[in-house]
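Residue numbers (my numbering), protein chains in the order written: chain R, 16 to 337; chain X, 871 to 971.
For glycine and all other residues, C-beta sits at the position ideal for the given N, C-alpha and C.
Source: prediction; values computed, not measured.
What follows is a single structure, written as structure tokens, with notes after it.
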């Protein structure tokens, strides 16, 4: 039972009990004790505390005005909670900590977002812990991962770049991967052949050999995510996507998985992966991916991660990474 | 003047006791040290104000039942006014019982 949320029955009962205790029990004692205070000391104590309370009150009013200004700005920007958290002073931080139920009547959404991010950072030391799955098969994938990691770090996220095939205890994947690498380096024509064969294979709908090999690492990926308290997985290479897909299928993943595609085409076997969102270099590529069986809503067209300008936050939020 | 100063001293004492009560309550429930109160220092003026108002208005009452109800009513009125006033001034609510009993 409450009245506009401002007072409640439970509070009333506590106040009633306090009133009885105060008038009949506590105050007679307090009166006796304070009567012993000489007038001179009373003047000094009162003057000091009046000053302290005044300063505290002014500090608090100023602090609340600053909080409201920050919230107003935050309400008109997307993401960038990190930026606002850095601007919180001691007074605003204490308010967030001491009043878990504090709500803003004007910018509550912004307040709750900042509160959530603030506590996340206090608890974990960073906003989000992002696991980047790259692969040493191509430097392109690695540089994409590094570029993304750099951009994420500037926003307060912690990043790790890991080759998913180094997660396992057996070396099947690594060996297979290095054989494949050496093969296509020595005989580049094979690359095209494998691509075409892969395309053909993909159309059958049978899980690919890549999936078969990489899925062996799924359990290890799940363990890793739990151990390192990862918040999201971002793959810049097919292997990572395949491992994440297998992990999702085998027992679910508690975190979202994203792919940043560096190729300007839908590479073989990509369509068998299941990610929460695929970032593609250009919107025109969507059609090809949709034809291969990935639902339209799973795409976000962003510029290629190699262009640094596309990584610097320009006020537009990148889903999941921002 | 000394009379007013006595009341101010009592206001300070009960503000501190109120702060101690609130902070203890939240330190236990949140499992971490919590410094409650609108102001930064170790005092909750609303408790001091409530106590002084109670003493001024109900100080002569000796019947505990009457005291209980009159105190509950007076303090709720103060809490309501404070909540309303702070919302008007700062566009925020420090407590909200809409989801509690």
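Min CB distance residue i to chain X below 8 Å
i: residue 99/R; result: no
i: residue 111/R; result: no
i: residue 75/R; result: yes
i: residue 103/R; result: no
i: residue 106/R; result: yes
i: residue 120/R; result: yes
i: residue 67/R; result: yes
i: residue 18/R; result: yes
i: residue 142/R; result: no
i: residue 33/R; result: yes
i: residue 72/R; result: yes
i: residue 49/R; result: yes
i: residue 55/R; result: no
i: residue 151/R; result: no
i: residue 332/R; result: Low confidence applies here, because residue 332/R scores a pLDDT of 40, under 50, leaving its location unreliable; read the following figure in that light. So, not an interface residue.
i: residue 27/R; result: yes
i: residue 79/R; result: yes
Residue i at chain R interface by Cβ criterion, 8 Å
i: residue 954/X; result: yes
i: residue 912/X; result: no
i: residue 890/X; result: no
i: residue 894/X; result: no
i: residue 872/X; result: yes
Member of the options whose CA lies at the smallest distance from the CA of residue i
i: residue 130/R; options: 170/R, 89/R, 144/R, 48/R; result: 89/R
i: residue 914/X; options: 271/R, 72/R, 49/R, 63/R; result: 72/R
i: residue 67/R; options: 936/X, 911/X, 896/X, 921/X; result: 911/X
i: residue 174/R; options: 236/R, 295/R, 62/R, 160/R; result: 160/R
i: residue 944/X; options: 958/X, 924/X, 954/X; result: 924/X
i: residue 49/R; options: 874/X, 905/X, 894/X, 909/X; result: 874/X
i: residue 14/R; options: 133/R, 109/R, 240/R, 279/R; result: Since the displayed chain R opens at 16 and closes at 337, residue 14/R lies outside it and no answer follows.
i: residue 255/R; options: 244/R, 284/R, 279/R, 242/R; result: 284/R
i: residue 177/R; options: 112/R, 149/R, 97/R; result: 149/R
i: residue 104/R; options: 211/R, 82/R, 62/R, 151/R; result: 82/R
i: residue 288/R; options: 263/R, 303/R, 270/R, 295/R; result: 263/R
i: residue 111/R; options: 134/R, 154/R, 60/R; result: 134/R
i: residue 97/R; options: 172/R, 118/R, 123/R, 303/R; result: 172/R
i: residue 340/R; options: 939/X, 872/X, 886/X; result: For chain R, the structure presents residues 16 to 337; residue 340/R sits outside this window and is missing.
i: residue 931/X; options: 225/R, 291/R, 75/R, 39/R; result: 39/R
i: residue 193/R; options: 170/R, 151/R, 222/R; result: 151/R
i: residue 126/R; options: 212/R, 85/R, 304/R; result: 85/R
i: residue 290/R; options: 278/R, 207/R, 251/R, 302/R; result: 251/R
Chain-ordered chain R contacts of residue i [CB-CB under 7 Å]
i: residue 964/X; result: 114, 117
Exposed unless 16 or more other CB atoms sit within 10 angstroms - verdict on residue i
i: residue 317/R; result: buried
i: residue 952/X; result: buried
i: residue 230/R; result: buried
i: residue 297/R; result: exposed
i: residue 929/X; result: exposed
i: residue 144/R; result: buried
i: residue 327/R; result: Unreliable positioning characterises residue 327/R in this predicted model, as indicated by a pLDDT of 41, which lies under 50. A coordinate reading is not provided.
i: residue 259/R; result: buried
i: residue 33/R; result: buried
i: residue 115/R; result: exposed
i: residue 181/R; result: exposed
i: residue 26/R; result: buried
i: residue 166/R; result: buried
i: residue 967/X; result: buried
i: residue 52/R; result: exposed
i: residue 233/R; result: buried
i: residue 889/X; result: buried
i: residue 293/R; result: buried
i: residue 964/X; result: buried
i: residue 863/X; result: This structure leaves residue 863/X out entirely; chain X is present only between 871 and 971.
i: residue 896/X; result: buried
i: residue 927/X; result: exposed
Contact list for residue i against chain R, beta-carbon separation under 8 Å
i: residue 925/X; result: 37, 38, 42
Expected contact under 8 Å - CB spacing of residue i and residue j to nearest Å
i: residue 30/R; j: residue 941/X; result: 6 Å
i: residue 947/X; j: residue 37/R; result: Between residue 37/R and residue 947/X the Cβ distance is about 16 Å, and since that is not below 8 Å, they are no contact.
i: residue 244/R; j: residue 139/R; result: 7 Å
i: residue 883/X; j: residue 893/X; result: Residue 883/X to residue 893/X, Cβ: 16 Å. No contact.
i: residue 271/R; j: residue 247/R; result: 5 Å
Interface partners of residue i on chain X, CB under 8 Å
i: residue 157/R; result: Residues of chain X passing the Cβ test: none, with the nearest at roughly 41 Å.
i: residue 63/R; result: In chain order: nothing, as chain X lies at least about 10 Å away.
i: residue 88/R; result: Under the 8 Å cutoff, chain X gives no residues; its nearest Cβ is about 15 Å from residue 88/R.
i: residue 58/R; result: 875
Residue i: contacting residues in chain R (beta-carbon distance under 9 Å)
i: residue 916/X; result: Residues of chain R passing the Cβ test: none, with the nearest at roughly 11 Å.
i: residue 886/X; result: Per Cβ cutoff of 9 Å: no residues; residue 886/X is ~10 Å from chain R at best.
Listed by chain order, chain X residues near residue i by CB distance under 7 Å
i: residue 30/R; result: 941, 942, 945, 946
i: residue 45/R; result: 880, 883
i: residue 147/R; result: Within 7 Å Cβ-Cβ: nothing; residue 147/R doesn't reach chain X, min ~33 Å.
Within chain X, the residues that residue i reaches when beta carbons sit closer than 9 Å
i: residue 315/R; result: Those within 9 Å of residue 315/R in chain X number zero; the least Cβ separation is about 35 Å.
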